[in-house]
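From first to last, the protein sequence lines are chains A and B. Going left to right, the first sequence walks through residues 1 to 349 as my numbering numbers them. Going left to right, the second sequence walks through residues 350 to 671 as my numbering numbers them. No residue lacks a Cβ here, since even glycine has one placed at the ideal position from N, Cα and C.
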Amino acid sequence: MSVLLRAEHAGKTYGPLTALRDVSLAIDQERPSITAVVGESGSGKTTLARILLGLEVPTTGRVLYRGEDLRTVGAAARTAFRRDVQAIFQDPYEVYNPFYRVDHVLTTPVRKFRLATSTAQARALIEAVLRAVGLRPEEILGRFPHQLSGGQRQRIMVARALLLQPKLIVADEPVSMVDASLRATILGSLRTLHEELGISIVYITHDLATAYQISDNILVMYRAGVVEAGAVEGIVTRPEHPYTRLLIASIPRVSMERNWVSEAEPVVAKVAAVGGCGFVDRCPVAMAECAEAVPPLYRTAADRVVACYRYRTAPELAAADLGTVLVGVAADDSRMCTAPNWIVDGGGF
Amino acid sequence: MSEAVLEVRDLRVSFAHPLGLVRAVDGVSFSLAAGERLGLAGESGCGKSTIALAILRMIRPPGRIDGGSVRLDGVELSALDEEAMRRLRLAGIALVPQGSMNSLNPVMRIGQQIADALADHGLSLARAAFDARTAALLTTVGLRPGVAAMYPHQLSGGMKQRACIAIAICLRPRVIIADEPTSALDVVVQRQVMETLARVQHDLGAAVILVGHDMGLMAQFVDRLGIMYAGRLVEVAPVGQMVTAPRHPYTRALISSLPSLDHKGGLQGIPGLAPLLRDLPPGCAFHPRCALAAERCRREAPALRSFGESAVVACHFAETVA
């Protein structure tokens with residue numbers, strides 16, 4: 001097992017505010033997987049993404065890239081990290097400089113990482129990645145950002161990530177700003193990258209339904225901590241944590257059962273109890289001890305953990321490492337060894 | 350429908366653009382019964398928000414209302430002068446605009462913003478009477494009366510959205526138009542806000558037009574749903590019928606683009622892009638993206654035809670689809 005990226009007890013505080021509390025997670029290079037991180041605004045999911053990307057230094061714990069601490073890693077390894085781990089951000093409008101043609105975001109990595117030896121080769125490479133995400137290069141290259149739709153711009157970002165042949169893509173809410181009809185297309189292209197090229201994806205979202213559709217694993221976060229994690233199928237169909245249950249029940253469904261809007265009084269969230277489970281003030285099944293200490297992660301099955309005292313008969317997760325719970329797709333040798341078909345001959349890889 | 354509160358007939362709105370006229374709303378008609386919840390759904394740029402603004406005569410240049418009629422309780426709104434129209438906004442038809450939680454004035458307390466709305470419509474109350482009214486309003490939307498003394502930055506997104514609903518209902522309007530009222534909120538809070546809207550609407554007996562693109566939200570909230578494509582209504586039907594037996598191919602595509610929680614592998618988008626409103630394809634505007642498109646669709650724009658008592662569909666092949 002070779003670990004690409006490992007977060008060890010990573011936590012982040014901003015003054016008195018805890019944005020992320022003690023998350024351990026390993027991403028294996030040989031068992032690529034899609035892991036979704038879901039939770040409401042302020043639950044810490046973007047902080048986790050930024051820590052994994054090395055954009056934020058954890059206040060407690062550390063992040064290891066191929067066994068080396070990101071804080072002290074040497075220049076060569078940092079460059080390799082910058083290539084292996086790619087980011088896709090939420091806003092497909094703000095990531096572009098409006099004064100440059102969109103080609104700029106594609107030619108810059110080709111130049112910086114010396115991906116091509118000639119202009120013609122660079123052009124061929126860029127056209128290949130654009131086609132790989134379902135775009136027609138002749139409609140894209142030479143345009144300015146404002147001339148393209150949000151969906152096209154976001155797919156260029158996926159193409160840019162793909163250009164570097166990363167091992168891991170961290171996508172922070174990549175589709176929350178595009179139309180529902182385009183979401184499926186963009187998420188589909190991420191899924192294809194994973195399946196055909198063996199790229200791991202960490203998909204940060206507040207949309208549980210898309211998370212269910214494209215991921216293998218899911219991490220549910222609430223107020224800075226992981227409350228439930230494991231294989232997506234079990235968690236979505238049989239949620240254990242009361243927060244996960246609330247989250248799933250809150251999704252409006254296209255169905256004839258109209259049970260979503262009740263005339264009930266809305267639940268108004270109070271301030272979290274200090275030191276206890278973050279969900280205690282909204283939990284319908286809270287017990288006295290829930291307000292006293294944060295519940296550890298209990299392993300209720302081989303492929304799932306839940307942070308709730310109602311499951312305390314189950315063993316605690318060893319070393320709290322979520323990587324041991326998450327399922328990976330077994331590495332397919334043929335897939336890992338042959339060059340993916342979109343790479344042009346003689347590419348500088 | 351005899352007891353219609355709001356009647357929209359052949360509404361047309363266009364925007365002048367250097368490259369040609371943009372027909373944002375092209376001949377839209379519908380009626381709204383008292384207490385009814387109507388949904389308007391479609392992709393970005395299909396004209397759904399423009400309809401909301403046109404009903405309130407709030408289209409600004411380069412946009413203009415080219416024609417059509419909007420009647421509230423039988424009163425033709427286009428015949429009203431500016432002052433009468435200003436009084437009717439909020440009192441007769443209230444709008445909860447898109448991103449309205451960011452439209453609250455950051456340097457004014459919530460109570461003062463409600464007072465502004467009341468004062469602007471000629472309601473000047475004594476301090477005590479006003480405080481009582483504000484407290485009652487905030488309680489109605491599930492907020493503590495103390496919120497009146499708070500500034501917007503002290504409230505969460507869901508609380509701000511409820512404050513906006515409180516302002517919208519402060520004069521007991523006949524119609525509430527909510528334009529994507531929950532698009533920036535997470536699902537748990539979204540559900541609470543929609544519950545609040547449902548409750549105040551029920552108490553007031555007001556009708557609601559919900560504008561949005563989330564078919565799940567529509568299926569759970571509205572009674573009747575209108576699907577918009579390229580500035581036109583392409584299908585209007587009771588929501589149950591729409592969900593179980595959509596007749597327009599675009600409606601079917603919209604519903605199937607919603608990711609399911611019940612079975613995996615159902616993730617499919619709608620191929621192609623929405624057309625440019627200033628350069629619509631001939632015939633049916635949806636034909637370049639439609640799997641059923643035939644020669645006739647490329648030549649002839651389909652008219653809205655009735656199906657049963659309550660559904661209308663604009664598709665040449667509406668019979669074969671269902």
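- As DSSP reads the structure, Asn217 of chain A sits in a beta bridge with A:Thr35 and A:Ala231.
- With its beta carbon less than 9 Å from one in chain A, Gly565 of chain B belongs to the interface.
- Per DSSP, Val536 of chain B lies in no beta strand (DSSP E) segment; the continuous alpha helix (DSSP H) that holds it begins and ends at Val536 to Leu553.
- Interface residue (Cβ-Cβ distance to chain A less than 9 Å): Arg596 of chain B is not classified as such.
- Gly614 of chain B and Arg511 of chain B have their C-alpha atoms some 36 Å from each other.
- Legend: CB atoms of the segment 75-103 of chain A lying less than 7 Å from CB atoms of chain B are not found in any residue.
- Note on geometry: alpha-carbon atoms of Tyr65 of chain A and Val362 of chain B lie some 57 Å from one another.
- Relative to the Cα of Glu316 of chain A, the nearest Cα in the group A:Val232, A:Arg160 and A:Glu228 belongs to A:Glu228.
- For the 9 Å CB-CB criterion, Val294 of chain A and Cys283 of chain A do not form a contact.
- The continuous beta strand (DSSP E) containing Lys12 of chain A extends over residues Val3 to Tyr14.
- Closer than 9 Å to the CB of Ile514 of chain B there is not a single CB belonging to chain A.
- When B:His597, B:Ala365, B:Ala401 and B:Ser393 are compared, the shortest CA-CA separation from Ala652 of chain B is found for B:His597.
- Partner residues in the beta bridge of Pro587 of chain B, as assigned by DSSP, are B:Arg573.
- Under a 10 Å Cβ-count criterion, Val57 of chain A is classified as exposed, with fewer than 16 other Cβ atoms of the shown protein chains found around its own Cβ.
- Taking the Cα positions, Tyr203 of chain A is about 27 Å away from Gln569 of chain B.
- Val285 of chain A: not part of any alpha helix (DSSP H); DSSP gives it neither H nor E.
- Inter-segment contact for the segment 121-130 of chain A and the segment 208-219 of chain A is absent: fewer than three beta-carbon pairs are separated by less than 8 Å.
- Residue state for Thr313 of chain A is assigned as coil, using DSSP reduced to three classes.
- Asp535 of chain B belongs to the set of residues whose beta carbon lies under 9 Å from a beta carbon in chain A.
- Of B:Leu546, B:Ala634 and B:Arg523, the smallest CA-CA separation from Ala440 of chain B is found for B:Arg523.
- With contact defined as three or more Cβ pairs closer than 8 Å, the segment 417-427 of chain B and the segment 597-613 of chain B are not in contact.
- For Val285 of chain A, the closest Cβ of chain B is not nearer than 9 Å.
- A distance of 9 Å or more separates the beta carbons of Gly39 of chain A and His146 of chain A.
- Of the residues A:Val73, A:Gly151 and A:Val102, the one whose Cα lies closest to the Cα of Asp91 of chain A is A:Gly151.
- If you ignore the 5 residues before and after Val220 of chain A, its C-beta comes within less than 6 Å of the C-beta of Val38, Val227, Glu228 and Thr244, all in its own chain and listed in chain order.
- Contact of Gln213 of chain A with chain B by beta-carbon distance below 8 Å involves Pro608, Ser609, Lys613, Gly614, Gly615 and Leu616.
- Comparing alpha carbon positions, the residue from A:Gly44, A:Pro239 and A:Glu94 closest to Asp22 of chain A is A:Gly44.
- Annotation for Gly416 of chain B: the continuous beta strand (DSSP E) segment containing it runs Gly412 to Leu421.
- In this structure, DSSP gives Phe479 of chain B a helical state, which the three-state scheme calls helix.
- Chain A has a Cβ within less than 9 Å of the Cβ of His562 of chain B.
- Scanning the segment 82-134 of chain A from its first residue to its last, the whole beta strand (DSSP E) runs of 3-plus residues come out as 85-88.
- Counting only Cβ-Cβ distances below 7 Å, Glu584 of chain B has no contacts in chain A at all, with the closest Cβ about 15 Å away.
- Listed along the chain, the chain B residues whose CB falls inside 9 Å of the CB of Ser250 of chain A are Asp535, Val536, Val537, Val538, Gln539, Arg540 and Gln541.
- Boundaries of the beta strand (DSSP E) harbouring Tyr298 of chain A: Tyr298 to Ala301, taken from the DSSP string.
- Boundaries of the alpha helix (DSSP H) harbouring Asp465 of chain B: Ile459 to Asp469, taken from the DSSP string.
- Taking C-beta separations shorter than 8 Å and ignoring five residues to either side along the sequence, the partners of Thr669 of chain B in its chain run Leu641, following chain order.
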